[in-house]
Amino acid sequence: MRVFILLTVARFNTGELSIWNASYEILSDYTNEKQTQAFDEAGAFFAFSQKQFNEAKKEGIEYCSMGAGLICPVEKAKHLFDRLEKINKEGIAQDIQENGKKAIIRRELFNHECFYTGDITDCVEKLEDYDYSYDDIYQVYRHIYQTEDVH
């Protein structure tokens with residue numbers, strides 16, 4: 002899924018306001034296919050009710066819940082967990098490489114409506130795995146708030 006974000010940029014030397022559409026990949030764009038492949042290879046599935054579980058389970062296999070509705074054969078759960086963690090780390094590295102720190106922070110600030118709420122906490126939590134500090138995020142927030150019409 003490609004996310005299209007309308008960006009507003011102030012041109013400091015002319016005082017002009019320039020608007021253009023930019024597309025940014027989001028973390029799930031880098032991880033979805035690999036995660037699906039990992040689920041399939043592990044025999045994992047999502048079930049949010051007993052009926053869904055009963056329809057998807059295979060006889061003779063013991064399952065465990067990995068959270069958020071993810072069900073996995075017990076014998077493959079540790080491997081799946083480790084693989085999903087690796088996929089997430091690789092996706093973050095690719096996101097940083099392709100989009101850069103400031104663009105990622107900007108994307109998440111707008112995605113979590115931080116300029117509407119005046120609170121960057123959700124963005125900070127979302128970017129914990131990126132090793133961006135509160136100060137890193139606040140500096141981008143403050144710059145955008147001071148230079149763009151976001152209020």
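Per the numbering used here, residue 2 is the first one in the sequence shown, and the count goes up by one each step.
For each residue, glycine too, the CB sits at the ideal point set by N, CA and C.
Small disclaimer: the values here were computed from a predicted structure and weren't measured.
For I88, the enclosing alpha helix (DSSP H) stretches over residues V75 to N100.
Per DSSP, Y139 lies in no beta strand (DSSP E); the unbroken alpha helix (DSSP H) holding it starts and ends at Y135 to T148.
Assignment of beta-bridge partners to G68 by DSSP yields L71. In this structure, the beta-carbon distance from K77 to A43 falls below 8 Å. The beta carbons of Y31 and D130 sit no closer together than 8 Å.
If you check the CB distance, K127 and E99 do not come in under 8 Å.
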